[in-house]
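Some notes on the structure that comes next.
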Amino acid sequence: MKTILLGGAAVIAVAAVTPAFAAQKASAAAAAATAVVPDNILLKKWTGPYDGVPPWDQVKVDQFPAAFQFGIDEMLREIDAIANNPEYPSFENTIVAMEKAGERLDYVQSIFGVYSSNLSSPQVQAINKEWSPKLSAASDKINLNPKLFDRIAKLYEHREHVGLDAKQMRLLTRTYEGFVRRGAKLNDVQKAQLSDYNQQLAGAFSDFNSRLLADESTFTQASEAEMAGVPADVKNAAASAAKEAGMPAGSLAIANTRSAVDPVLTFATDRGLRERVWRAFVQRGDNGNANDTNALIARIVKLRADRAKLLGYATHADWRMQDTMAKSPAKAMELMMRVWPSAVARVHEEVADMKPFAAKDGVGAIEPWDYRFYQEKVRKAKYDLSQDEIKPYFELNNIVKGMFWSAEQLYDLKFTENTGKVPVFQQDVRTFEVTNARTGDVVGLFYLDTYARQGKRSGAWATTYRSRARLLGDNIVLGSNNNNFTKPAPGQPMLISLDDASTLWHEFGHAIHYYLSDVNYPSLGGSPRDFVEYPSQVNENWLLTRPVLDKFARHYQTGAPMPEALIKKIEASDKFNQGFATVEYLSSALVDMMLHTQPDGVVDPDKFERDALAKLGMPKEMVMRHRLPQFGHLFSSDAYSAGYYSYLWSETMDADTWAAFEESGNPYNRKIADGFRTYLLSTGNETDRAEAYRQFRGRDPDVKALLKRRGFPTN
Ligand SMILES: [Zn+2]
């Protein structure tokens, strides 16, 4: 079951998780008073193969408002029918009925999520801005419905005596606690205040998205000469982008997105260009113009703090973290601070390694726009390895085949391309049928949207258009992966970096999690935020296993396998640059937590960021991966606010899980893979996640595996 908040479903990577506002859909679909469904494609049951697929080829953007209105009204009618049911509350007539409610609105939101993330336009943004607050208000109407809560509370009170099995008990408990957390026990005045906060926030999130997207849709113009050192495929892509943007002949356009910016920062010998490109990128949302997000962020943080207080929590972070594995800000901070000092120390070593190379260029101090460039020089000198040397072996289609192969070895998931057989929302999107390789049963359909383009948000993410929930008869999962690789010029191969390949496998790990999930109740289909990134991060490990490299990392021209010497060099350098990677991420996660544990929420974001980094001892040679003005995880919805630490929390489990495969001597050990699937991947949130981990590994995850992987001291 998806969140009713657009921000959650539409914008953040892992929409298939059940975010905070989820557990409250309701409706005895049957019992609810019915209304005539208007003639609107968005409101029709999906038809065609795979138990129905989204009708992308028939959707028109101007149909969304009417569809939202009808979907919301229908859901609220369904909820009212449950709340006003004269029968005494039972698990069936209350909790199960709620699980079934709002299904039609779910489908409208699934489609809108793609419009707001993959196909955005001023029209889509205007709809988002208008309807996010309305959806938020509808969500509150359910959360704050006293009659509905009364039924849930009655059931909860008698939970030991109504014959529930373990999953039903978990669902009831979570539903009850979720309602309380979202304000069900407040008085009427407080409830009105809460709803007002929520709607204001929903509007602010969509505003933030529009501004960020606007700044990411800009280009840095460069000449051919300035692009010296940059690989040919990157230059070709920049030339196509310039042409498309109508720039004068001979100029190149560097999009203001991570995958376009990083290669320039890594390879351009022109220091002035590097600085210009870097500044444009790190100043997104922070240019004092119409797209500046600072005031908006201050408003969001204040609203969140006030809301937390109203709900009886000390801070937004305390409130947000109730339903996580970590449970409290202190616990998350403890893990982060266990890793932070080693990471900073490693950055200082990395900078020292770079200095001699910089000196040769007459560069005294390493500036942030120099880091990737000299790091690449060190990599070349220390390991005789250049990113550019790897790329010819990482042709996108081959690497995609490799990740499919790996999923089949581990989980019997078989992917067969069927592009052209089902509608897609953009001509470059490819589709794949997903079957169980042993039984031949169809388990899903996979949509792969690979390329960056105007109107598509940056980054990479995975979603489902339909998740598995046996209760609803939703058996075939419609999943998607979305990346932002720069589209090659016509006729050119699509060569990706090791980083991009890891991202590809990461998002695919989310998809695997969706396809293997086998739950009954939609609300138990998601996972806590700090668990969600675990299956995806684990999946990255199989990219550099020998069978994948031998079979799929083949030279794009000659088909030759990756030379043994190159593989050895990649293996030797696997702990290289972990200082940079860790500090870049952790500084963002720490600032997030520091920001959202401000009890009064009053901040000047610019100053707060500066002070927080100074307090942490941030190395001056680098910046946060996401500065506050562009930190979409935090401000495009509530989803990852006080939650960016989740990646580290998940990685702790990931490293410890990978260690199990390594210790067995076989990365494709089926016994371990079977346990991983049985206890952790297929169970959604039907069992306690910490307990599930113990069932799999026989103990809690050990953080030492993570420290070891990153090459940091373990004591
Ligand atoms: Zn992820």
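Numbering follows this note's numbering, with no gaps: position 579 of the sequence shown is 1707.
Beta carbons are placed, not taken as given, at the ideal position from N, Cα and C, and that holds for glycine.
Since the structure is predicted, the reported quantities are computational estimates derived from the model, not experimental observations.
ask   = Residue ranges of each beta strand (DSSP E) run of no fewer than 3 residues wholly in the region 1311-1379, ordered along the chain?
value = Considered as a whole, the region 1311-1379 harbours 1347-1351 as its complete beta strand (DSSP E) runs of no fewer than 3 residues, in chain order.
request  = State the CB to CB distance for the pair T1559 and F1574, rounded to an integer number of angstroms; the pair is presumed to be in contact (CB under 8 Å).
outcome  = Sequence index remark: in the sequence shown, residue 1559 carries index 431 (1-based). Sequence index remark: in the sequence shown, residue 1574 carries index 446 (1-based). The C-beta distance from T1559 to F1574 rounds to 7 Å, short enough to meet the 8 Å contact threshold.
query = What did DSSP end up calling A1157 once you bin it into helix, strand or coil?
reply = Along the sequence shown, read from residue 1 onward, the residue named residue 1157 stands at position 29. Because A1157 carries a pLDDT of 40, less than 50, the predicted location of this residue cannot be relied on, and no value is offered for it.
ask   = If you run the structure through DSSP and keep just helix, strand and coil, what is L1292?
value = In the sequence shown, residue 1292 corresponds to position 164, counting from 1. It is coil, neither helix nor strand.
request  = Inspect the beta-carbon positions of A1717 and D1784 and report whether they are closer than 9 Å.
outcome  = Mapped onto the sequence shown, residue 1717 falls at position 589. Mapped onto the sequence shown, residue 1784 falls at position 656. Their beta carbons are not under 9 Å apart, which means A1717 does not touch D1784 by this criterion.
ask   = First and last residue of the beta strand (DSSP E) that includes N1611?
value = As a working mapping, residue 1611 is identified with position 483 in the sequence shown. Counting along the chain, the unbroken beta strand (DSSP E) around N1611 starts and ends at V1605 to F1613.
inquiry  = Is S1664 near ligand 1 - that is, is its Cβ less than 8 Å away from at least one heavy atom of it?
reply    = Stepping through the sequence shown from its first residue, residue 1664 is reached at position 536. For ligand 1, at least one heavy atom lies less than 8 Å from the Cβ of S1664.
task = Would you kindly work out how many angstroms separate the C-alpha atoms of M1461 and Q1328, rounded to a whole number?
result = The sequence position of residue 1461 within the sequence shown is 333, counting from 1. The sequence position of residue 1328 within the sequence shown is 200, counting from 1. M1461 and Q1328 have their C-alpha atoms some 29 Å from each other.
query = So, Y1502 versus M1482, is the Cβ gap smaller than 9 Å?
reply = Locating residue 1502 in the sequence shown gives position 374, counting from the first residue. Locating residue 1482 in the sequence shown gives position 354, counting from the first residue. Yes, the pair counts as a contact, with Cβ atoms nearer than the cut-off.
ask   = With C-beta atoms as the reference, is V1506 less than 9 Å away from L1541?
value = One-based indexing of the sequence shown puts residue 1506 at position 378. One-based indexing of the sequence shown puts residue 1541 at position 413. Taking 9 Å as the cut-off, the beta carbon of V1506 is found no closer than this to the beta carbon of L1541.
task = Please confirm whether any heavy atom of ligand 1 lies closer than 8 Å to the CB of A1590.
result = The residue labelled residue 1590 in the question sits at position 462 within the sequence shown. A1590: yes, Cβ under 8 Å from ligand 1.
inquiry  = Using a 10 Å radius around the Cβ and a threshold of 16 neighbouring Cβ atoms, would you call P1757 buried or exposed?
reply    = The residue given as residue 1757 occupies position 629 in the sequence shown. Buried.
query = So, using beta-carbon positions, are L1393 and A1332 closer together than 9 Å?
reply = Taking the first residue of the sequence shown as 1, we reach residue 1393 at position 265. Taking the first residue of the sequence shown as 1, we reach residue 1332 at position 204. Going by C-beta atoms, L1393 is not nearer than 9 Å to A1332.
query = What does DSSP give as the partner residues of R1594 in its beta bridges?
reply = On the sequence shown, position 466 is the one that residue 1594 refers to. When DSSP reads this structure, R1594 sits in a beta bridge with L1606.
message = What ranges does the alpha helix (DSSP H) occupy inside the region 1491-1522, keeping only unbroken runs of at least 4 residues that lie completely in it?
response = For the region 1491-1522, whole alpha helix (DSSP H) runs of length 4 or above, ordered along the chain, are 1499-1511 and 1515-1518.
request  = Answer with buried or exposed for F1824, where buried requires no fewer than 16 other C-beta atoms within 10 angstroms of its C-beta.
outcome  = As a working note, residue 1824 is residue 696 in the sequence shown. Within 10 angstroms of the beta-carbon of F1824 lie 16 or more other beta-carbons, which makes it buried.
C-beta atoms of S1664 and S1778 nearer than 9 Å = Taking the sequence shown and counting its residues from 1, one reaches residue 1664 at position 536. Taking the sequence shown and counting its residues from 1, one reaches residue 1778 at position 650. Yes, they are a contact pair.
query = Starting from F1574 and walking both ways along the beta strand (DSSP E), at which residues does that stretch end?
reply = If you number the sequence shown from 1, residue 1574 lands on position 446. Note, F1574: beta strand (DSSP E), V1570 to Y1579.
request  = Could you tell me if S1645 is buried or exposed, where buried requires 16 or more neighbouring beta carbons within 10 angstroms of its beta carbon?
outcome  = Taking the first residue of the sequence shown as position 1, residue 1645 is located at position 517. Its Cβ being crowded by 16 or more others within 10 Å, S1645 is buried.
ask   = Under 9 Å between the Cβ atoms of L1652 and E1231?
value = If you number the sequence shown from 1, residue 1652 lands on position 524. If you number the sequence shown from 1, residue 1231 lands on position 103. It is not a contact, given that the beta carbons lie outside the stated cut-off.
ask   = Using a threshold of 8 Å, is the CB atom of H1634 nearer than that to any non-hydrogen atom of ligand 1?
value = Sequence index remark: in the sequence shown, residue 1634 carries index 506 (1-based). Yes - ligand 1 has a heavy atom lying nearer than 8 Å to the Cβ of H1634.
ask   = Any heavy atom of ligand 1 closer than 8 Å to the CB of E1814?
value = Translated into the one-based positions of the sequence shown, residue 1814 becomes position 686. Outside the cutoff, so no.
task = Can you have a look at N1609 and say buried or exposed, based on whether 16 or more other CB atoms are within 10 angstroms of its CB?
result = Mapped onto the sequence shown, residue 1609 falls at position 481. Label assigned to N1609: buried.
inquiry  = Ignoring anything shorter than 3 residues, give me the beta strand (DSSP E) runs that lie fully in the region 1751-1807, in order along the chain.
reply    = Segments of the beta strand (DSSP E) lying fully in the region 1751-1807: there are none.
task = Could you please give the first and the last residue of the uninterrupted alpha helix (DSSP H) stretch that includes R1814?
result = Translated into positions along the sequence shown, residue 1814 becomes position 686. A quick correction: the sequence has Glu, not Arg, at residue 1814. Looking at the DSSP string, E1814 is not in any alpha helix (DSSP H), and its letter there is neither H nor E.
Residues sharing a beta bridge with A1381, DSSP = Taking the sequence shown and counting its residues from 1, the one referred to as residue 1381 is at position 253. Its beta-bridge partners are Q1349.
inquiry  = Buried or exposed, going by whether 16 or more other CB atoms sit within 10 Å of the CB of T1547?
reply    = For the purposes of this step, residue 1547 is taken as residue 419 along the sequence shown, with counting starting at 1. It is exposed - the Cβ of T1547 has fewer than 16 other Cβ atoms within 10 Å.
ask   = Count the other CB atoms within 10 Å of the CB of P1469; is the residue buried (16 or more) or exposed (fewer)?
value = On the sequence shown, position 341 is the one that residue 1469 refers to. It counts as exposed.
key: N1564 - partner residues in DSSP beta bridges   = Mapped onto the sequence shown, residue 1564 falls at position 436. According to DSSP, N1564 bridges with L1541.
query = Straight-line CA distance for A1535 to L1524?
reply = For the purposes of this step, residue 1535 is identified with residue 407 of the sequence shown, where counting begins at 1. For the purposes of this step, residue 1524 is identified with residue 396 of the sequence shown, where counting begins at 1. Each residue's alpha carbon lies about 17 Å from the other.
ask   = Heavy atom of ligand 1 less than 8 Å from the Cβ of H1754, yes or no?
value = Taking the sequence shown and counting its residues from 1, one reaches residue 1754 at position 626. Checking the Cβ of H1754 against ligand 1 gives no.
query = Can the beta-carbon of E1814 be found closer than 9 Å to that of V1666?
reply = Looking up residue 1814 in the sequence shown gives position 686. Looking up residue 1666 in the sequence shown gives position 538. For E1814 and V1666, no; Cβs fall outside 9 Å.
ask   = Which term fits A1423, buried or exposed, when burial requires 16 or more other beta carbons within 10 angstroms of its beta carbon?
value = Working through the sequence shown from its first residue, we reach residue 1423 at position 295. Classified as exposed, A1423 has fewer than 16 neighbouring CB atoms from the shown chains inside 10 Å of its CB.
message = For D1734, tell me which candidate among D1420, L1322 and Q1253 has the shortest Cα-Cα distance.
response = Taking the first residue of the sequence shown as position 1, residue 1734 is located at position 606. Nearest of D1420, L1322 and Q1253 to D1734, Cα basis: D1420.
message = With H, G and I counted as helix, E and B as strand and the rest as coil, what does DSSP make of W1174?
response = In the sequence shown, the residue the question calls residue 1174 occupies position 46. Looking at W1174 - three-state DSSP - the assignment turns out to be coil, as it is neither helix nor strand.
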